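Here's what the structure looks like:
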């Protein structure tokens, strides 16, 4: 017999025959599904976290559900369900519960001296009785005894110790010493001119003019500039003891056209302050909320105010007569008007955010190098990118930031008295 040899190719195939079951049996429906027969065909009713003919497919709740995790929590899916990773201060399955931080674990009050605990998100604040201060009302507020003389402002530090900020014409630890305004460091100079006699008064002075001359004071400023006679003036000294809290105001919102929070434009020395004119075609920002009602304001420019080397402060505004190292103004205009120019003449046309800066250590930035190029008036330099979120991190969420608000004016330079 003749033998034949050859190669054999073996194909292993898996063939699945799919057909609908006609009866329910144990395990037909998976993952807790319920089996039922209708018109000779078995079907499965699946729990909400599974789908498919036999409930074999896991549902990604993080994608399907609308906002399953609240308050900035992160949603993570797993087989058969999901869980929420809460940010600090929130708890519960969907992170919807603001943990009451005023609950003391040892039963002792968190706020001392009869202070009232107010729960926040991830923290608490203490509202202290008038004579106490400090994070938990543990210090005596020295300002409560009114140690500052007259109209001087009193400010306590973190430990309750007081400092008096004297109004013009007064000096001393408690502002009780009247400055003789008629006596100058240079005795040859006098605040009164043309042979008039200077008479010192408490906190001020008056000039007794010789015949033919009259006193020219602040009431005459409007003759030089009409702006100086308007009721709304900027900048001002913010006296915190006279500030009224408006609980009806909504939080502010500052949103950028881009996720990086950057703007660009031309940095100009206009003779008063370095000013960045925003190139809105490359991105800007919008301001809403607070006292602005339903109006939207677009960022037009920003400018800076800062002191000279060795000066105590350079901010335009002061708080309880205290000046800060510098002040940034974010100037926005009401989009109900066609452009910045038309808005500037309207009572509700402009809104300015003022940000105080206190320099604690020297740290140069790429932007500060641009200032060297505009030392002289009318000098200008291009700024291709300025990250405002790095410059002012609070802009990420102004709704959590307290602020002072008043109706002022865009008088730059302002109407200053001596």
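Numbering (the numbering used here), first residue to last: 27 to 444.
The beta carbon of each residue, even a glycine, is placed where N, CA and C say it ideally should be.
Computed from a predicted model, the values in this text were never measured in an experiment.
| task | Name the two residues that bound the continuous beta strand (DSSP E) containing residue 234. | result | 230 to 234
| said: What does the alpha-carbon distance come out to for the pair residue 303 and residue 159? | reply: 43 Å
| Which one of 97, 340 and 111 has the shortest CA to CA distance from residue 351? | 340
| said: For residue 191 and residue 347, which I take to be in contact (beta-carbon distance under 8 Å), what is that distance rounded to the nearest angstrom? | reply: 3 Å
| For residue 419, is the classification buried or exposed, using 16 other Cβ atoms within 10 angstroms of its Cβ as the cut-off for buried? | exposed
| message | Which residue wins for smallest C-alpha separation from residue 323, given the options 291, 374 and 330? | response | 374
| With 16 other Cβ atoms within 10 Å as the buried cut-off, status of residue 428 | exposed
| Distance, residue 342 Cα to residue 97 Cα | 38 Å
| task | Just grab the DSSP bridge partners of residue 304 for me. | result | 291
| said: Considering Cα atoms alone, identify which of 272, 193, 345 and 62 is closest to residue 79. | reply: 62
| said: Quick check: what's the CA-CA separation for residue 260 versus residue 162? | reply: 36 Å
| query | Touching or not, the region 180 to 197 and the region 275 to 287, by the rule of three or more beta carbon pairs under 8 Å? | reply | no
| message | Tell me whether the region 324 to 333 and the region 351 to 368 touch, counting them as touching only if at least three CB pairs, one residue from each stretch, are closer than 8 Å. | response | yes
| Per-residue burial, residue 432 [other beta carbons within 10 Å of its own, 16 or more giving buried] | exposed
| field | residue 119: first and last residue of the uninterrupted alpha helix (DSSP H) it sits in | value | First-last for residue 119: undefined, no H or E at that position.
| said: Tell me which residue opens and which closes the alpha helix (DSSP H) that residue 408 is part of. | reply: Run containing residue 408: none in the alpha helix (DSSP H); it sits in the beta strand (DSSP E), 406 to 413.
| task | Name the two residues that bound the continuous beta strand (DSSP E) containing residue 157. | result | Per DSSP, residue 157 belongs to no beta strand (DSSP E) and is neither H nor E.
| task | Express the C-alpha separation of residue 414 and residue 367 in angstroms, rounding to a whole number. | result | 24 Å
| message | Taking 6 Å as the limit between beta carbons, can you name the residues of its chain near residue 430, skipping five residues before and five after? | response | 264
| said: Taking the beta carbon of residue 425 as the centre, do at least 16 other beta carbons fall within 10 Å, making it buried, or is it exposed? | reply: exposed
| Unbroken alpha helix (DSSP H) run spanning residue 367, endpoints | 366 to 370
| task | Classify residue 324 as helix, strand or coil using the three-state DSSP reduction. | result | strand
| request: Find the nearest neighbour of residue 295 within the set 270, 331, 268 and 363, judged by alpha-carbon distance. | output: 331
| query | Within this structure, are the beta carbons of residue 115 and residue 147 separated by less than 7 Å? | reply | yes
| task | For residue 150, I'd like the list of residues in its chain whose CB is within less than 6 Å of its CB, leaving aside the five on either flank, ordered along the chain. | result | 127, 128 and 143
| query | When the Cα atoms are used, what is the spatial distance from residue 283 to residue 410? | reply | 16 Å
| residue 204 vs residue 228 beta-carbon contact at 7 Å | yes
| task | Would you list the residues sitting across from residue 226 in a DSSP beta bridge? | result | 231
| Which residue from 292, 379 and 434 puts its Cα closest to that of residue 421? | 379
| query | Going by C-alpha distance, which of 83, 372, 354 and 81 is nearest residue 382? | reply | 354
| field | Status (buried if at least 16 other CB within 10 Å, exposed otherwise) for residue 156 | value | exposed
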